[in-house]
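Q: Below is one structure. I have some questions about it.
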């Protein structure tokens, strides 16, 4: 079940990722970004900011749309 959709850049800050996943009781974060998928350093930063016990999925925008539409 999708609990929230955000469009901004602040998830890279670990505190934001932690507080939102805790508040929403989310067990997975999907980051949809074409730019992110081309930048290993940014992907590493996302992994570092990943809250413990929360799955992190990073995909291009097109692949994210496909994943969300497939359920």
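Numbering (UniProt numbering), first residue to last: 1 to 71. By construction, the Cβ of each residue, glycine as well, lies at the ideal position given by its N, Cα and C atoms. Quick caveat: nothing in here was measured; it's all calculated off a predicted structure.
In the DSSP assignment, find the unbroken alpha helix (DSSP H) run with residue 22 in it and report its ends.
A: Here residue 22 corresponds to residue number 22 of the chain shown, with the count starting at 1. Its alpha helix (DSSP H) spans residues 14-24.
Q: Under the criterion of a Cβ to heavy atom distance below 8 angstroms, does residue 65 qualify as lining the ligand GDP?
A: This structure lacks the ligand GDP; in fact it carries no ligand of any kind.
Q: Please name the residue, chosen from 48, 66 and 54, that lies closest to residue 20 on a Cα-to-Cα basis.
A: Numbered from 1 along the chain shown, position 20 holds the residue referred to as residue 20. Selected option, being the one with the closest Cα: 54.
Q: Comparing C-alpha positions only, which one of 44, 33 and 3 sits nearest to residue 22?
A: The residue labelled residue 22 in the question sits at position 22 within the chain shown. Ranking the options by Cα distance to residue 22, first place goes to 3.
Q: Could you tell me the distance, in whole angstroms, from the CA atom of residue 71 to the CA atom of residue 41?
A: Translated into positions along the chain shown, residue 71 becomes position 71. Translated into positions along the chain shown, residue 41 becomes position 41. C-alpha separation (whole angstroms): 29 angstroms.
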